[in-house]
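In order, the protein sequences belong to chains A and B.
In terms of the working numbering, the first sequence opens at residue 20 and continues consecutively.
In terms of the working numbering, the second sequence opens at residue 36 and continues consecutively.
Note that beta-carbon positions come from the ideal geometry of N, C-alpha and C, so glycine has one too.
The structure under discussion appears below in the form of structure tokens.
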Amino acid sequence: MTDISPEMWAKLPADEKATPVPPPAPTYGQEVRRRLWANKPAVVSIVFIVLLVIAAFFGPYLSPHTYYKQDLKLANIPPFFETYAVTDGAGETTRFFLNASNFNLYEVDAEGNMLGLLRGGRKDIIKKSQPYEFGDQTLTLDYSKLPARLVLEDGSEVRPTGWAWNKTYLFGTDQLGRDILVRQLYGAQISLTVAFVATLVNFFIGVFYGGIAGYMGGKVDAVMMRIVEIISTIPLTLYVVLLMVVFDSGLVSIIIAIGSVFWVDMARIVRGQILGLKSQDYVAAARTMGASPARILTRHLLPNSIGPIIVTLTMLIPSAIFIESFMSFIGLGVTPPLASWGSLTSEAVETLRAYPHQLFFPAAAISLTMFAFNFLGDGLRDALDPRLSR
Amino acid sequence: MLTYILNRLGMMLVTLWAIVTLTFFLMHAVPGGPFVSERMLAPEIAAALNAKYGLNLPIWEQYLNYLGRILTFDLGPSFKYPGVSINSMIAAGLPVTLQTGLLAVICVVALGVPLGVIAALNRNRWPDTTVMFIATLGVAIPSYVIATVSIYVFALRLGWVPTFGLDDWRGYFLPVFALSGFWISFVSRLTRSSLLETLDQDYMTTARAKGLRKGQILIKHGLRNSLLPVVTVLGPVVANLITGSFVIEQIFALPGIGRQFVLSITNRDYTAIMGITIFYAAVLMLMILIVDLLYVWLDPRIKLTKATA
């Protein structure tokens, strides 16, 4: 101990490295985060969901339009159109576009802002034509043969000058002249609210129910799980339908209906986890030290089964969004004029033949959101529990 | 085997009773009676109607009557369409729903399984990525979106199929496609992952080492062992095809039970809602029982008695 030979104190050569101290092993949380960030689709999904939430809850305030204001004169406006321009004798140019499905002309400016419906002369029902006056020029809209043509007095046809985006109504308007973009954002708000709140309700009921069943075991467990089995014999959607019939449609009742049914999956998962964990030594230790069952459950068992719980939670959100839109689609969801993705889709189906663009936005929105939550769920499952990944 | 089936049937009856009770009291919790409408009925007529349908009795007596009728497979009269019984409503809708539903199940098995096998055998090559990409699409897109978009593309734009109805054999394409889309995707994903797992097993190596033909290895050793999870989901598949049919039959205007159900919801025809729910529950439980029996037949290692515990 005392004799340390002098050469031990000698300086090391400059290029010799000391054996590096291994960095502390990453914690579970760090590992999860690393694996999640490495999963590109999941990261993109998180970004998408965050943007969607921001847009849904703040977007409507930025728009000059409201979700309920109707303007029948400007109904069924498309999001982009081919503009025409007519110059009269005084050199005044009027820009407008033709809505090919209802044969109306709408005046627009050069940037694509909507100025209003153009008033035409008397419609000639038999010849299927309508004259429009622009100063000294008369333009005739001839829709006897499709596609409709715009003809000047001298017989020359007016050609479109180019495509333009609708700057006033970015996504166009619906059959009652309401702005589709704002309705879409409100729909997102409602769909997301229903999904998050209902999922939270499911989470609490499911964790509580499954936790008790798993921890108590024996007869209590058998009876509680028999009840779950009876509930899940028929599709959960059917219960939601029945509850909606009883509650009558509305935002709160759809949250209650979804929240009171979909906890059975969560209860099953939690029970399974608890059953596996409760024979662990640390639970026995806690019990020996006199911890109450409630404390063991909330402090020891549930934190250790957090992985599967979170995965189930993220999988519950898309199914809640889906059920809500499904209910709204069959007319059991939110009450008009409120919009949700389901009711927007079903409204769009009514005008599908003439205005297919109205279907595109809600359909794309719900599909993208479902994608995002599915990818996020898959990513979280892989990150939280690598053994489960396929 | 027989005791197992009897056991299960007994359990089914208990479940069915629970569902009947639940729907009965739920439907009676709805404010307003079945004859409340914009046109006020004279009190005498209302009383006569209530007496005719036994609605003047105390609720427990109505409940017992209802239970008694259900035991004789009589779901009672519709409150919205005089003279129409729920049984005849179901009988009218059943063939349509059965046809589309069966075709959808066939599609799920006949397309989902082979697609999954192709994906698994070509792991990480283009057939796999293509199938998995489509399957990811199919799992995320709601059925009503598939239905409406495919109506627009195939019926309105291309004009290959009619937009609604089943008068033409081509009319079946879109409803069946929309109904089964999700489950084809789901089953192909499941088959792929399950087959990949099986392909790694030692007995597969043994079979190859014995010099068995490739097809034989795949079918006898690989597929048979990896199809068990697929069979397990077939029960839920049937269940979800039934609920899926609410929307699909609505969109395609098919006169099936799903459409009847949605119609009776919008009409607030409470006896019809109750009757169809109970009918659904009974059919589903029967289906799940059949799937469980099929399961045992496929894999004799599974003990029936364990399944009840």
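With the cut-off set at 7 Å, would you say residue i and residue j are in Cβ contact?
i, j, result
"residue 113 of chain A", "residue 153 of chain A", "yes"
"residue 139 of chain A", "residue 126 of chain A", "no"
"residue 249 of chain A", "residue 53 of chain B", "yes"
"residue 61 of chain A", "residue 398 of chain A", "yes"
"residue 300 of chain B", "residue 259 of chain A", "no"
"residue 214 of chain B", "residue 139 of chain B", "yes"
"residue 230 of chain A", "residue 294 of chain A", "no"
"residue 185 of chain A", "residue 79 of chain A", "no"
"residue 253 of chain A", "residue 281 of chain B", "no"
"residue 187 of chain B", "residue 371 of chain A", "yes"
"residue 312 of chain B", "residue 114 of chain B", "no"
"residue 190 of chain A", "residue 380 of chain A", "yes"
"residue 336 of chain A", "residue 218 of chain A", "yes"
"residue 208 of chain B", "residue 222 of chain B", "no"
"residue 255 of chain A", "residue 289 of chain A", "no"
"residue 227 of chain B", "residue 155 of chain B", "yes"
"residue 291 of chain B", "residue 128 of chain B", "yes"
Starting from residue i, trace the alpha helix (DSSP H) in both directions and tell me its first and last residue.
i, result
"residue 306 of chain A", "300-307"
"residue 271 of chain A", "270-278"
"residue 103 of chain A", "Premise fails: residue 103 of chain A lies in the beta strand (DSSP E), 99-106, not in any alpha helix (DSSP H)."
"residue 168 of chain A", "First-last for residue 168 of chain A: 168-171, but that is the beta strand (DSSP E), not the alpha helix (DSSP H)."
State buried or exposed for residue i, treating a residue as buried only when at least 16 other CB atoms are found within 10 Å of its CB.
i, result
"residue 408 of chain A", "Here the model assigns residue 408 of chain A a pLDDT of 45, short of 50, so the residue's position is not dependable and the matter cannot be decided."
"residue 203 of chain A", "buried"
"residue 60 of chain B", "exposed"
"residue 79 of chain B", "exposed"
"residue 392 of chain A", "buried"
"residue 377 of chain A", "buried"
"residue 158 of chain B", "exposed"
"residue 272 of chain B", "buried"
"residue 304 of chain B", "buried"
"residue 44 of chain B", "exposed"
"residue 229 of chain B", "buried"
"residue 151 of chain B", "buried"
"residue 192 of chain A", "buried"
"residue 374 of chain A", "buried"
"residue 344 of chain B", "Its pLDDT being 35, under 50, residue 344 of chain B is placed unreliably by the model, and nothing is read from it."
Spatial neighbours of residue i within its chain, please: C-beta separation below 7 Å, excluding the five flanking residues on both sides.
i, result
"residue 33 of chain A", "none"
"residue 247 of chain A", "283, 286 and 287"
"residue 65 of chain A", "395"
"residue 76 of chain A", "208"
"residue 266 of chain A", "272, 275 and 276"
"residue 222 of chain A", "285 and 332"
"residue 146 of chain B", "219"
Under DSSP, the beta strand (DSSP E) around residue i begins and ends at which residues?
i, result
"residue 148 of chain A", "148-153"
"residue 16 of chain A", "With chain A represented from 20 up to 409, any question about residue 16 of chain A goes unanswered, as that position is not in the structure."
"residue 78 of chain A", "Counting along the chain, residue 78 of chain A falls outside any beta strand (DSSP E), though it belongs to the alpha helix (DSSP H) covering 59-81."
"residue 227 of chain B", "Careful: residue 227 of chain B lies outside any beta strand (DSSP E), inside the alpha helix (DSSP H) at 208-234."
"residue 42 of chain B", "Looking at the DSSP string, residue 42 of chain B is not in any beta strand (DSSP E); the run it does join, the alpha helix (DSSP H), is 37-64."
"residue 190 of chain B", "Residue 190 of chain B -> no beta strand (DSSP E), and no H or E assigned at all."
For residue i, return the contacting residues in chain A, with the cut-off set at a CB-CB distance below 7 Å.
i, result
"residue 139 of chain B", "Correct list: empty, because the minimum Cβ distance to chain A is about 15 Å."
"residue 287 of chain B", "Near residue 287 of chain B there are no residues of chain A at all, since even the closest Cβ is about 11 Å away, more than 7 Å."
"residue 58 of chain B", "261"
"residue 212 of chain B", "Going along chain A, no residue has its Cβ under 7 Å from residue 212 of chain B, so there is no contact; the nearest lies around 16 Å."
Strictly below 7 Å CB to CB, what residues from chain B border residue i?
i, result
"residue 396 of chain A", "In chain order: nothing, as chain B lies at least about 11 Å away."
"residue 413 of chain A", "Residue coverage of chain A in this structure runs from 20 to 409, which leaves residue 413 of chain A outside it and unanswerable."
"residue 393 of chain A", "174 and 175"
Excluding the five sequence neighbours on either side, which residues of its own chain have a C-beta within less than 6 Å of the C-beta of residue i, listed in chain order?
i, result
"residue 341 of chain B", "Confidence in residue 341 of chain B is poor, its pLDDT being 45 and thus under 50, which makes the residue's placement unreliable; the coordinate value appears in the next sentence. For residue 341 of chain B, where only same-chain residues beyond five positions count, there are no Cβ hits under 6 Å."
"residue 188 of chain A", "96 and 198"
"residue 162 of chain A", "122 and 147"
"residue 323 of chain A", "296"
"residue 192 of chain B", "none"
"residue 226 of chain A", "289"
"residue 270 of chain A", "353"
Residues of chain E with a CB under 7 Å from the CB of residue i: which are they?
i, result
"residue 350 of chain A", "You won't find chain E in this structure, because its protein chains are A and B."
Please list the partners that residue i has in chain B, where partner means a Cβ-to-Cβ separation under 8 Å.
i, result
"residue 375 of chain A", "187 and 191"
"residue 364 of chain A", "179, 180 and 183"
"residue 249 of chain A", "49, 50, 53 and 54"
Closer than 9 Å by beta-carbon distance: list the chain A residues that pair up with residue i, in chain order.
i, result
"residue 320 of chain B", "252 and 253"
"residue 308 of chain B", "260, 261 and 264"
So with CB distances below 8 Å, who are the chain A contacts of residue i?
i, result
"residue 277 of chain B", "254"
"residue 65 of chain B", "264 and 265"
If you drop the 5 nearest sequence neighbours on each side, which residues of the same chain put their C-beta closer than 8 Å to that of residue i?
i, result
"residue 167 of chain A", "117, 119, 122, 160 and 161"
"residue 174 of chain B", "217, 220, 221 and 224"
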